[in-house]
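Residue numbers for the sequence shown follow this note's numbering, so the first one is 30 and each next one is one higher. C-beta atoms are modelled at their ideal positions from N, C-alpha and C, and glycine is treated no differently. The next block holds one structure in the form of C-alpha cells; read it before the comments.
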Amino acid sequence: MATAKRRGVPTPASAARKAATKSQAAINARAARKANNSAIHKAALASVKDEAMALIAVPPDPDPDLKRMHYEEMTEEQLAWFLREVTKGAAVKLMPGRRSDFPSEYELWKGIGDETSRLSKLYAQGKQLAVARIEEQIAEVSSTPQFGEIVIQRQVPTKFGIEDTVEVRKVEMLGHRTLLVDTLKWQLAHIRPKKHGRQPDVGGDGSNDQLKALFGALMSGPAKE
30 MATAKRRGVP TPASAARKAA TKSQAAINAR AARKANNSAI HKAALASVKD EAMALIAVPP
90 DPDPDLKRMH YEEMTEEQLA WFLREVTKGA AVKLMPGRRS DFPSEYELWK GIGDETSRLS
150 KLYAQGKQLA VARIEEQIAE VSSTPQFGEI VIQRQVPTKF GIEDTVEVRK VEMLGHRTLL
210 VDTLKWQLAH IRPKKHGRQP DVGGDGSNDQ LKALFGALMS GPAKE
C-alpha cells in the first residue's frame, strides 16, 4: 500500500521549481534595476549636456549673406538699443544674431575701438551705467542660494554580481556663486578702478635697497682702475 504524502512537506520536484522561479525573479529584478539605472544615467547626462550647450550657444546670423552696414550708418534707434543692451550686460558678439539690421560683430568692435565714434562713447556710457546693476547683482548672488545636481555613477558588488548604480545629489553651488561674484568684482574693478580696484598692499611701498644700490652704481659710472 502506497504511503500517503504528508500535507505541507514539499517534494524535491516542487522545491526545485520554486528555486528556479525565485532565481529567475532575481535575474529579472536585477535586469530591471540595471535598465532603470542606465536610463537615469542617460537622462542625467542629456540634461547636463543640454544645459551646457544652452550656456555657450550663440544665435546664428539670421542672414549670413546679408550685406551688413558700417557702424557709422547706425540709426538713432539702433544706437539706443545698443546702449540699453550694453547696460543690461548683453554680449556684443550676440547682437548681430539678434538683429539682422545690425553691423557685423567685427564692425561693432571696430566702432567701439574708434574713440571718435558715437558707438564707442555709447559703449563706455553703457559700461558706466552698468556699475549699479553689477553692484546689485553681487549682493543678490551672495545672498541667494543656488542649487544644482551632481550625478555619481558607481559599480557596486552585490550577491548577484557587479551592478551599475547612478546617484543624483542636489547640492548648493557655492563654488559657482563664488566664481560669479569674483567675475562681477573683476568687471567693476576695470570699469571703476578708483572705487572698486584692488587696493595696494599695506607696506608694499617700502624702500628697495637692491634697487637703490643698482641706481647708485649706474649713476656713478664704470669703476676707475
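TODO: Assign Y100 to one of two classes, buried (16 or more other C-beta atoms within 10 Å of its C-beta) or exposed (fewer than that).
DONE: Burial call: buried.
- [ ] Locate the alpha helix (DSSP H) running through E164, then write down its first and last residues.
- [x] Run containing E164: R147 to S172, per the alpha helix (DSSP H) assignment.
Task: Cβ distance (whole Å) where S171 is taken to contact V200 below 8 angstroms - done: The pair is not a contact, with the Cβ atoms about 18 angstroms apart (cut-off 8 angstroms).
Task: Beta-carbon contacts of R97 that lie in its chain and below 8 angstroms, excluding the five residues immediately before and after - done: Within the same chain, P125, F131, P132, S133 and E136 come within 8 angstroms of R97 by CB-CB distance, once the 5 residues on both sides are set aside.
Open item on the list: Could you tell me the alpha carbon to alpha carbon distance between I191 and Q184, rounded to whole angstroms?
Closed with: Taking the straight line from one Cα to the other gives about 6 angstroms.
TODO: Using three-state DSSP, classify F111 as helix, strand or coil.
DONE: F111 falls in the helix class under three-state DSSP.
TODO: Buried or exposed for F189, please, with buried defined as at least 16 other CB atoms from any protein chain shown within 10 angstroms of its CB.
DONE: Result: exposed.
Task: Other residues of its chain near R256: CB distance less than 7 angstroms, five sequence neighbours each side excluded - done: For the chain, the structure presents residues 30 to 254; residue 256 sits outside this window and is missing.
Task: For L158, the nearest candidate out of R221, T173 and N57 (CA to CA) - done: Of all alpha-carbon atoms in R221, T173 and N57, the one lying nearest the alpha-carbon of L158 is that of R221.
TODO: Would you give the residue range spanned by the beta strand (DSSP E) that T212 belongs to?
DONE: Element bounds for T212: not the beta strand (DSSP E) but the alpha helix (DSSP H), L203 to I220.
Task: Opening and closing residue of the alpha helix (DSSP H) in which R127 lies - done: For R127, the enclosing alpha helix (DSSP H) stretches over residues M124 to R127.
TODO: Could you tell me whether the Cβ atoms of G155 and V115 are closer together than 7 angstroms?
DONE: Against a cut-off of 7 angstroms, the Cβ pair of V115 and G155 comes out as a contact.
Task: Exposure label - F176; buried when at least 16 CB within 10 Å - done: Classification of F176: exposed, given that the 10 Å Cβ count is below 16.
Open item on the list: What does DSSP give as the partner residue(s) for V200 in the beta ladder?
Closed with: Partner(s): G177.
Open item on the list: Considering Cα atoms alone, identify which of L151, T50, I181 and L213 is closest to E165.
Closed with: Nearest of L151, T50, I181 and L213 to E165, Cα basis: L213.
Open item on the list: Can you give me the C-alpha to C-alpha distance between I179 and K223, rounded to a whole angstrom?
Closed with: One C-alpha to the other measures close to 40 angstroms.
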